[in-house]
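So the structure is just underneath, and the comments pick up after that.
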Amino acid sequence: MPGTQRPHSPSPRTLPGAGRTAVVTGASSGIGAATATRLAEEGFDVVLGARRMDRLTALAEEIGARALPLDLTDASSVAAFADSLERVDVLVNNAGGAYDALPVAEADVASWARTYEVNVLGTVRLTKALLPALRASGAGDVVFVGSTAGLISYEGGASYTAAKHGVHTLAETLRLELNGEPVRVVVVAPGMVRTEEFSLNRLGSADAADAVYRGVREPLVAEDVADCIAWSITRPHHVNIDMLVVRPLAQAAQHKVARES
0 MPGTQRPHSP
10 SPRTLPGAGR
20 TAVVTGASSG
30 IGAATATRLA
40 EEGFDVVLGA
50 RRMDRLTALA
60 EEIGARALPL
70 DLTDASSVAA
80 FADSLERVDV
90 LVNNAGGAYD
100 ALPVAEADVA
110 SWARTYEVNV
120 LGTVRLTKAL
130 LPALRASGAG
140 DVVFVGSTAG
150 LISYEGGASY
160 TAAKHGVHTL
170 AETLRLELNG
180 EPVRVVVVAP
190 GMVRTEEFSL
200 NRLGSADAAD
210 AVYRGVREPL
220 VAEDVADCIA
230 WSITRPHHVN
240 IDMLVVRPLA
250 QAAQHKVARE
260 S
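Residue numbering for the sequence shown follows numbering that gives the first Met the number 0, beginning at 0 and increasing consecutively.
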């Protein structure tokens with residue numbers, strides 16, 4: 000009919016990450032893989048970095064990302080990784096781990112060194128290498144996946160808690176040093192997260208790893224932490240989430256966990 004207007008089609012929604020490149024380390028499993036998947040869904044061009052290229056390549060093909068070899072303990076690997084990137088808007092420093100649960104009196108110094116090398120020094124290497132690109136982006140984000148272990152100490156956790164305290168201090172210092180520049184520094188500090196490898200790597204057996212979560216109703220999973228990371232970096236860029244602490248409801252504090260019989 001004359002004068003009849005056709006209904007308006009809604010404009011397609013622009014995804015928050017459209018046009019932005021996000022680097023995720025430790026992306027071959029756990030929180031890293033979940034974060035990479037979530038950021039790809041948010042429209043980011045995702046670059047995955049890790050040592051296990053078989054797993055990394057499979058995930059990259061699944062989510063439409065790029066997989067590049069990255070060993071944070073090797074300066075030449077970090078340099079090659081950084082040189083292969085044309086642009087970086089977001090860096091998610093996720094790679095890390097715990098490798099023992101020994102008391103200080105029985106400390107395995109080699110384990111301490113490995114824990115620091117991966118969690119702290121490796122993170123410093125890559126952050127330093129990518130800072131020029133993050134600054135050049137005009138709206139960069141550096142996310143450190145910390146831990147509630149970086150907020151409080153507990154028996155048998157000295158090597159890991161010391162390393163995660165180091166990560167938190169690294170982030171806080173970097174935020175101070177970048178003040179006035181267009182780069183946000185965010186820490187996401189999870190409590191109890193059940194992933195396929197973390198407790199197994201730390202305790203050495205499936206039974207011991209399972210015992211950590213026994214009786215705990217709904218510990219966090221990797222996707223919960225990925226959700227927090229995605230939320231933090233998709234706020235308006237003048238909003239800086241300095242630190243987001245996230246625990247399962249069953250965990251009131253590091254030493255206070257409700258367990259069902």
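Built from N, CA and C at the ideal position, the CB exists for glycine as well.
query                                                                                                                                                                           : result
Which ranges would you report for the alpha helix (DSSP H) in the segment 166-222 if only whole runs of at least 4 residues count?                                              : 197-202, 205-212
So, for Phe-43: in the same chain, excluding its five sequence neighbours on each side, which residues have a beta-carbon less than 6 Å away from its beta-carbon?              : Gly-16, Arg-19, Ala-21
Need the endpoints of the beta strand (DSSP E) that Ser-245 sits in, please.                                                                                                    : According to the sequence displayed, residue 245 carries Val and not Ser. First-last of the beta strand (DSSP E) with Val-245: 242-245.
Leaving aside the five residues before and after Ala-148 along the sequence, list all residues of the same chain whose C-beta is less than 7 Å from its C-beta, in chain order. : Gly-156, Tyr-159, Thr-160, Lys-163
May I have a chain-ordered list of the beta strand (DSSP E) segments no shorter than 3 residues that lie completely inside the segment 125-172?                                 : 139-144
Touching or not, the segment 130-146 and the segment 179-193, by the rule of three or more beta carbon pairs under 8 Å?                                                         : yes
Provide the residue span of the alpha helix (DSSP H) that contains Val-77, from first to last.                                                                                  : 74-82
Helix, strand or coil for Asp-99 per DSSP?                                                                                                                                      : coil
For Val-239, which residues from the same chain have a beta carbon less than 6 Å from its beta carbon, with the 5 sequence-adjacent residues on both sides left out?            : Per the sequence presented here, residue 239 reads as Asn, with Val not at that position. These residues qualify, in order along the chain: Arg-183.
Since Gly-48 and Ala-221 are thought to touch, with beta carbons under 8 Å apart, how far apart are those beta carbons, to the nearest angstrom?                                : Actually they are not in contact, since the Cβ atoms of Gly-48 and Ala-221 sit about 17 Å apart, beyond 8 Å.
Per DSSP, Pro-68 forms a beta bridge with which residues?                                                                                                                       : Ala-49
Buried or exposed, going by whether 16 or more other CB atoms sit within 10 Å of the CB of Arg-124?                                                                             : buried
Under a three-way DSSP split, which group does Leu-55 fall into?                                                                                                                : helix
Quick one: give me the first and last residue of the beta strand (DSSP E) that Thr-233 is part of.                                                                              : No beta strand (DSSP E) contains Thr-233, which DSSP labels as neither H nor E.
Is Thr-34 near Asn-92, with beta carbons less than 8 Å apart?                                                                                                                   : no
Counting Cβ pairs, one atom from each stretch, are 3 or more of them under 8 Å apart for the segment 86-102 and the segment 115-131?                                            : yes
Shorter than 7 Å, the distance from the beta carbon of Leu-125 to the closest heavy atom of the ligand NAP, or not?                                                             : Among the components modelled here there is no ligand, and therefore nothing to report on the ligand NAP.
Run the CB neighbour count on Ala-39, radius 10 Å, all protein chains shown included, and call it buried at 16 or more, exposed below.                                          : buried
Hey, quick one: how far does the beta strand (DSSP E) through Leu-90 stretch, first residue to last?                                                                            : 89-92
Tell me the rounded alpha-carbon separation between Tyr-98 and Ala-210.                                                                                                         : 17 Å
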